[in-house]
Structures are given as structure tokens and as C-alpha cells.
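Here the structure is laid out as C-alpha cells; the discussion comes afterwards.
Protein chains in written order, with our numbering: chain A, -9 to 288; chain B, -15 to 365.
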């Protein structure tokens, strides 16, 4: 009787945690795992979704996208867009965070700047896209200021010229995304004990030495975590590019997300679109594993 | 090595709050001076002003004969040990100790040689590659000392360096720091709120209260001749018992008892006579109160007392008592304010004492050890 009771108790203790987790496990399974498995299976089928009995296509669709120069251009654009965004998000975020954390700036001004600097974060991608389309259009504010300052001689079609379009969308994305870094780094800066800087003052450290030897090493865990997350998120940016340039002109701002979207909903080649989506998934997965590993190592 | 001289140093925050008021201190070359006082007395502020981490509102500060008031901390030739140790967690022990040399651009070989020397002195050699997180409290404390020593400064400033250690380690580190200071012979200013540290470590002790220097003297003289009731109450553990009484002839009368004073008491304090017929504050340390039933207490006059509680510490008994007199507050903000109605005096009895909680006893008192203070100003008579 007691043995039976004990084994029942043990069973309860083993099963209970999974029961508590089950609602979220079911939701994750339905909303994430199922679509993922479906997309992976579509990438190995001919005329996926469109036909009721699609035939097995093997790696045909992967071969097709790897043979497509537009895919490679999109991959390169994605990397450029992502790397530049992350680097500048971090740099600008760090500069603004250091400014907001500085005692040398008047506290009232600091509070005003804090609100101003965080504003881009409040806008949705659609609004950001519209703002920058208006600002960067040939007769927009940016061109007029640059011309008045004598920096450019004639109006530049920022989003319509293949030479400038990728830089322009990257710029808009940098503007939209730095507040995440700023807020995280500011929180980190506020957590660095004042004693560290005072000890360094006594030891004779100059401002740049304090930044290199104390501030940056102390912020490193935040810098690495947020950079990895930003990399993963930025790689998947779609609305900003779709609304500003739509991937054009002449594929000059085509990134993996717009390339995949077009394959699926312009060409209705859902099988190839799935193959392209799987490539994005694999790259994101690699970065995510790296992130998880880093978090575990800490 | 150098002498440190503070002249009329003031620190005012905003327009009104004066954290330090005309502080005058002269710390000799190689001296170990303790700055002690209750929370908020300005001792840490004073130390930080010497370090250059706080601006000096007015006054002059000279280290080694050089006026350093307008100098940044790095040029003052001082090293500081922080309460938190302020060790950089991302650096190894070696890197922490060598940090100031690295900033100064000293070559690697020179850094290594110097750090190795210091590590040997502080028994840190085997820990040079460890990070602070992997060290014990005492080891971290030694690394902080090492970081201060590496600069060979004119003066060491220490801000409650032992307050993060457990009681046992604190006793050990107290001795270590004292002997290290003697060995190095560097002028040291040490801030603490722990009067045991103050009494055991320093050559001289400066007692601060409310930003005002009360007394600066050797530990022995502070204990024996406090200049006022605050110093009397602050120095010594448990604190000195202070009571109100009336001086009538050669007797102190309070409540239902009287203490007869010997001629020597008046001879030592000529102004005591002028308090005849007036209120006076008298003080007696717990160690100068005795159990009258033991040999040690038999020779002294006694007064009635009721035992309220006893702390048996093995080597002695701390006995809380109630005597028929009004207790006087020494002005120590850290002291337990509401002593309650239950007890108003503390005595240290020998462990042989058989007194029990609740019993009425005769409390013996060594009248030669009495201290007298003015009831208004609390200044020693």
C-alpha cells in the first residue's frame, strides 16, 4: 500500500512539470513547429500547396535558388544590411548611452534627450518607412539640406537609384533600431559601480582608458547578447524594405526576406520560396545556437 | 612617504548642509591615523576629500608639503582601499594589481617584477591568475591592498576596508593590516565606524561627530580622558554608562543612592568644586563596575541595582542593570536609543559572578574611574 502510494507520488512529481508546461508546448507546437515542418517539406516538393498531390522534388528547388544570381545578390544585401545595422546600432547606442549616463550633462537636458533618443523605437516599421520615403524623396528635406550645405550638387534619388538605395534603407533601419542598444547599454552603465571609476581616477586613468579598461569590458555581456539578437532580428527585416523600395530598383535592395516573398506571392513558386525560407531558417538557427551557447557559457 | 596636513577643511553640500566643519588634522610621516565616528559623521567624506574624489569647499590640504586642494586624485600621490575593494571583475589578480602601472605605460617586465614582489608580501602568488570572483573575502581584501601598495604612494587611504568581512576574518585582517603598515611605514588614514578597529589599529584616533572633530589622541588617552560625553560614550564597548546626579559636598547623589568622592577626584579636577550643589553628568565604564559579592568588588563602595538580563560570553558576563538614576544620552546616533525602562546601565562582571536575571544586587563601583561632564555642554570637567 505504502509502496503503491510512494510510486504514485513519484509519478506525480515526474509528470507535474510537463503538465504545467503543456499549454505553452501545445501553442509553440501549433504556431511554430508545425509551420516550420510544413515549409521544410514544401521545399522538397514540386508545386507545393498549389497541387493536392505534389511529387517529391529532392534538392531541385535548392539547386534552382543557388543557381539564381538574384538569390546571391539578396544574400549579400542581407549581410550588408544586417552587419552595417548592427555595427551602427551598437556604436550610436553606445554614444547616446554614454551621453545619457554622463554627469556633465544637465539633468533636465538629459531627461529631454532620453525621450528624444528613444522616439524612433516608438514607431512601427510602416511609419518609419513612410517617414524616410518622405525625407529622402528627390524634393525632400534631406536633399534640400545637403544641397544648401553644398555637400551635393544635384538632387539624389536615394531610394530609386541602384547606387544609393541599399545604403538608404540601411540608414533608415539604423535610425529605427539603435534605441534597443541605447536602453540596454544605459541600464548596463548604471549598474557599473562608481568605485571602479574612482579607483581608476586615483590610479591615473584618462577618460578613454576608463572606457577601454572598465566600461567596455563591463558592458561586454550586454554588447554580445544584444548584438546577436539584433543580428537575428535584422536579418529577417521585411516591412521596412518592402515599403520603401520593394527590393528594387533592379534588385539593388533585394534581401532574403523580400526575395522569398516575391517567389511565393509574385511568382507563386511556393516550393522555391520554401527552399529560400529554409536557407534563412538555417542561418538564423546557426546564430541562435551561438547565442544560446554564449548565454550558457555565462 | 609624507605628512598629511588638513587645515580648516570644510565641505558644504548645496548651500546649507555642512558635512565637514573646519577640520584640522596633522598626520605625521608614517603615522597610522584612524578616523572614527558614527554613521553620517563625515569621516568617509573627509577621506574622499583627501583622495580628491570630493571637492574641498574651503581650507587647505597638504600632502608631503604640497598643496593638493586643486590637484586631481592621480597627482596627489595617494592610494586608496575602498570598502567594496573596487576590484575589476574582468581582470585577474595580476591585472588588478598592475593596473596603475599599465596606465602609466610601465614595461611588462617591470610590472611583473613589482607585482611578484607584492604578491609575495601579501601571499597572493598562487592567486595571480585568478579572477576576483573566485577569491575569498580576505583574499580580495589583500588584492585591494596590493593594488594600493603597487604605486608606492605617499599615503594610504582606507575606507572601512574590513566591513565586508566576517567577524573572525576581520580580527585576522586587522592584525595583518597593522603589521603591514608598520613594515611599509607609509602614512595611513583609515576610516572605520568600528571602535574596536579604532582602538587596536591606529597610533592615534580622530573622533568625528556631525562633521566636527571631537578629539584626536592615542587610543589609551581617548579611553582614559575623553574630552566630552560623546567621545566617552563612543569609545569603549559596551559604551560608558552616563547618568545625571547632583554634587553635594563630596557626594554624588542620584535617586536613592550616593557615591562618596575621594579628595583625589577634586584634586585632579579643580573645577569640579564649582559644580557643588548643581547637576552634573557622571560616567563609569562597564569594566569599572563590579559584582560586590566577589573579591574584586569588595573594596569598593556599592549602590543598589537590579539585574535585568545577562549575556554570558564565557570570559566575562555582560550584565544589564537598572539603577535609580537618569541615564544621559551621549549623542551617538548609532547607539540603541530606546534602552527601555528595563535597564539603564551595563556592567562587565567576571565569569565567576553568580548574579541572576531579576535579582537585586549591590553593585560595586571604582570611584577613581569616574568621569565628569558638564550637564549642558557635555564637556569633560
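Think of the CB as a built atom: it goes at the ideal place given N, C-alpha and C, for glycine as much as any other residue.
Contact between residue 21 of chain B and residue 177 of chain B is confirmed by a C-beta separation of about 7 Å, below the 8 Å threshold.
For the set A:69, A:117, A:45, the Cα lying nearest the Cα of residue 220 of chain A is the one of A:69. When the beta-carbon positions are compared, residue 98 of chain B and residue 65 of chain B stay at least 9 Å from each other. Put simply, the backbone Cα of residue 252 of chain B is about 42 Å away from that of residue 51 of chain B. Scanning B:75, B:-12, B:354 for the CA closest to the CA of residue 272 of chain B turns up B:354.
Neighbours of residue 186 of chain A across chain B, judged by C-beta separation under 8 Å: 70, 72. Here residue 1 of chain B is exposed. Its C-beta has fewer than 16 other C-beta atoms within 10 Å. The beta carbon of residue 65 of chain A sits closer than 7 Å to the beta carbons of 246 from its chain, once the five residues preceding and following it are set aside; these are given in chain order. Take the alpha-carbon of residue 250 of chain B and the one of residue 156 of chain B: they are about 43 Å apart. Taking the Cβ atoms as the reference, residue 35 of chain B lies roughly 17 Å from residue 71 of chain B, outside the contact range of under 8 Å. Legend: CB atoms of the stretch 192 to 210 of chain A lying less than 9 Å from CB atoms of chain B belong to residues 192, 193, 194, 195, 196, 199, 203, 204, 207, 208, 210.
Annotated as proximal: residue 315 of chain B and residue 213 of chain B, with beta-carbon spacing under 9 Å. Contact check for residue 37 of chain A against residue 265 of chain A fails: the beta carbons are separated by 9 Å or more.
Shown here, residue 41 of chain A sits in coil according to DSSP, grouped into three states, outside any helix or strand.
Residue environment analysis places residue 48 of chain A among the exposed positions, since fewer than 16 neighbouring C-beta atoms fall within 10 angstroms of its C-beta.
Under the DSSP definition of a beta bridge, residue 264 of chain B partners with B:229. Inter-residue distance for residue 350 of chain B and residue 226 of chain B is about 15 Å (C-alpha atoms, whole angstroms). Contact between the stretch 130 to 148 of chain B and the stretch 25 to 41 of chain B is present: 3 or more CB-CB pairs across the two stretches fall below 8 Å. Between the alpha carbons of residue 150 of chain B and residue 59 of chain B lies a gap of roughly 35 Å.
Linking residue 55 of chain A to residue 21 of chain A through their CA atoms gives a straight-line distance of about 27 Å. Any Cβ of chain B closer than 9 Å to the Cβ of residue 183 of chain A would place that residue at the interface, and such an atom is present.
Contact of residue 177 of chain A with chain B is not assigned, every C-beta pair being separated by 9 Å or more. In this structure, DSSP gives residue 9 of chain A a helical state, which the three-state scheme calls helix. Close partners of residue 263 of chain B in chain A (Cβ separation under 7 Å) are lacking, with about 48 Å as the shortest Cβ gap.
Rounded to whole angstroms, the gap between the alpha carbons of residue 106 of chain B and residue 162 of chain B is 13 Å. Between residue 124 of chain A and residue 130 of chain A, the gap from beta carbon to beta carbon is short of 9 Å. Cβ neighbours of residue 149 of chain A within its own chain (closer than 7 Å, five residues either side excluded): 123, 126, 155, 158, 234, 235. Using a Cβ distance threshold of 9 Å, residue 12 of chain B and residue -9 of chain B do not count as a contacting pair.
Cα atoms of residue 311 of chain B and residue 265 of chain B: separation of roughly 9 Å, rounded to the nearest angstrom. Beta-bridge pairing by DSSP links residue 192 of chain B to B:197. Inter-residue distance for residue 153 of chain A and residue 146 of chain A is about 10 Å (C-alpha atoms, whole angstroms). If the five residues before and after residue 267 of chain B are omitted, its C-beta is found closer than 6 Å to the C-beta atoms of 216, 224, 226, 355, all from its own chain and listed in chain order. Exclusion of the five residues before and after residue 291 of chain B leaves 303, 305, 339, 340, 341, 342, 343, 345 as the residues of its chain whose Cβ lies within less than 7 Å of its Cβ. Against residue 287 of chain A, chain B offers no close residue; the least beta-carbon distance is about 15 Å (beta-carbon pairs closer than 8 Å). When C-alpha distances from residue -7 of chain B are compared across B:26, B:14, B:17, B:-1, the shortest belongs to B:26. Your pair residue 16 of chain B and residue 183 of chain B does not check out as a contact, with CB atoms roughly 12 Å apart and the cut at 8 Å.
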